[in-house]
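Below is one structure, written out as structure tokens, with a few remarks after it.
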Amino acid sequence: MKAMVLRSRRAPLVLEERPTPAPSPGEALVRVEACAVCRTDLHVVDGDLTDGPLPITAGHEIVGRIEVVGSGVDAFRVGDRVGVPWLGGVCGACAYCADGRENLCDDPTFTGYTRDGGFATHVVVNADFAFPLVGFDDPIAAAPLMCAGLIGWRSLRMAGNAKRVGLYGFGAAAHILAQVCHFQEREVYAFTRPGDQSAQDLALSLGARWAGASEDPCPCELDAAIIFAPVGALVPAALKAVRKGGRVVCGGIHMTDLPRFPYRLIWGERQVMSVANLTRQDATEFLAFVPKSGIRTVTTRYALDRANEALDDLRGGRVHGAAVLVP
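Quick note on the UniProt record's numbering: the sequence shown kicks off at 1 and runs consecutively.
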């Protein structure tokens with residue numbers, strides 16, 4: 001098998017030939033058809049997230065076919081198409097797991113961070129954290145759903161029944177979530193990097209009521225704002241845009257430090273909250289929702305050995321929609 005491997009932080013991935021691994025009990029070997037490139041992958045490569053072991057194969061928005069099923073796995077057969085997300089396993093014993101909040105597990109594993117991921121031709125996965133993709137006929141289109149789609153779905157749930165939703169950072173997650181909101185008859189207001197007309201045009205084409213730069217005033221009061229860009233300075237900006245009682249949801253795993261801001265921005269029972277990972281229930285609900293809603297992903301395809309180029313394009317804001325590696 002081939003894999004794009006991170007050997008040291010802040011260094012390019014290295015293409016390696018490796019023996020194809022065999023699954024242990026409870027695992028499955030997946031032949032990767034597509035793996036989307038997430039901003040979290042950038043945080044791993046760029047050293048913003050440092051707790052994971054090295055070397056590691058990045059990538060956690062995986063779509064592929066089961067090639068080998070380990071003992072004790074009854075849910076899948078060889079040839080089944082599955083999706084594999086960021087959350088790769090939980091302890092099942094901590095207070096959070098017992099309380100139905102496995103996304104906050106005290107001893108989790110993460111695909112592409114603490115266990116090898118999908119920037120490869122093959123990957124071994126915990127079968128309990130793989131999801132059947134029956135009816136998802138295009139693996140490239142489906143790959144961004146496995147994190148960008150899922151974290152957007154969970155973020156929207158945290159935003160409550162907001163009618164007017166601001167999306168800060170219009171990348172892979174926001175371009176999917178905008179379609180979810182449109183289907184649910186919510187209004188979307190998209191905030192992009194200053195001067196990023198392509199992202200603004202994409203937002204409008206996907207049903208946004210308004211699109212502008214992150215520094216622009218919103219044309220109306222928002223019920224909630226969801227921040228996908230890893231920029232702490234957007235939190236006070238979003239607080240200014242939401243009404244009393246509104247919520248600002250931070251959807252990323254990493255964000256630059258929040259600046260000081262006056263108490264008046266949060267007064268009026270405004271809330272700031274974060275989203276951490278996902279649960280398997282999130283994935284089950286979202287993947288059932290996608291076919292009904294007609295969501296389409298906008299993707300740019302890269303060969304596996306161009307993973308560094310894809311990461312650099314994402315880092316530089318040159319990807320609109322989602323970048324997807326195709327072995």
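For glycine and all other residues, C-beta sits at the position ideal for the given N, C-alpha and C.
> What residue range is occupied by the uninterrupted beta strand (DSSP E) comprising S274?
Replying inline: Start and end: 271-274.
>> Restricting to Cα atoms, I'd like to know which of F286, A34, L150, L325 is closest to V275.
In response: When only C-alpha atoms are compared, the closest one is L150.
> Whose C-beta lies closer than 6 Å to the C-beta of D312 among residues of the same chain, with five residues either side of it excluded?
Replying inline: Hits under 6 Å: none found.
>> My output table needs one value for L54: the three-state DSSP class, helix, strand or coil.
In response: L54: coil per DSSP, three-state reduction.
>> In the DSSP output, what is P132 paired with across the bridge?
In response: Here P132 is bridged, per DSSP, to V82.
> R115 bridges to which residues according to DSSP?
Replying inline: Paired residues: T111.
> Of all the alpha helix (DSSP H) runs that stay within the bounds of the region 204-266, which reach a length of 4 or more residues?
Replying inline: Within the region 204-266, the alpha helix (DSSP H) runs of at least 4 residues that lie entirely inside it are, in chain order, 234-241.
>> What residue range does the alpha helix (DSSP H) around L156 cover?
In response: Element bounds for L156: 148-158.
>> Closest to P132 by C-alpha separation, out of V37, P85, P217, R154, would be which residue?
In response: For P132, the nearest C-alpha among the options comes from P85.
> Going by DSSP, what residues sit across from N126 in a beta bridge?
Replying inline: Answer by DSSP bridge pairing, in chain order: E27.
> Is the beta carbon of F110 less than 9 Å from the beta carbon of L13?
Replying inline: For F110 and L13, no; Cβs fall outside 9 Å.
> My guess is that L202 and G70 are in contact by the Cβ rule of under 8 Å, so how many angstroms apart are they, rounded?
Replying inline: Actually they are not in contact, since the Cβ atoms of L202 and G70 sit about 41 Å apart, beyond 8 Å.
> Counting only beta-carbon atoms, is Y168 nearer than 9 Å to chain B?
Replying inline: Considering every chain present, this structure includes no chain B. It has just one protein chain.
> Under three-state DSSP, which class holds F76?
Replying inline: It is coil, neither helix nor strand.
> From which residue to which residue does the beta strand (DSSP E) around F191 run?
Replying inline: Run containing F191: 187-192, per the beta strand (DSSP E) assignment.
> Quick one: what does DSSP say C35 is sitting in, helix, strand or coil?
Replying inline: DSSP places C35 in strand when its eight states are reduced to three.
> Across which residues does DSSP place V44 in a beta bridge pair?
Replying inline: Answer is none; V44 lacks a bridge partner.
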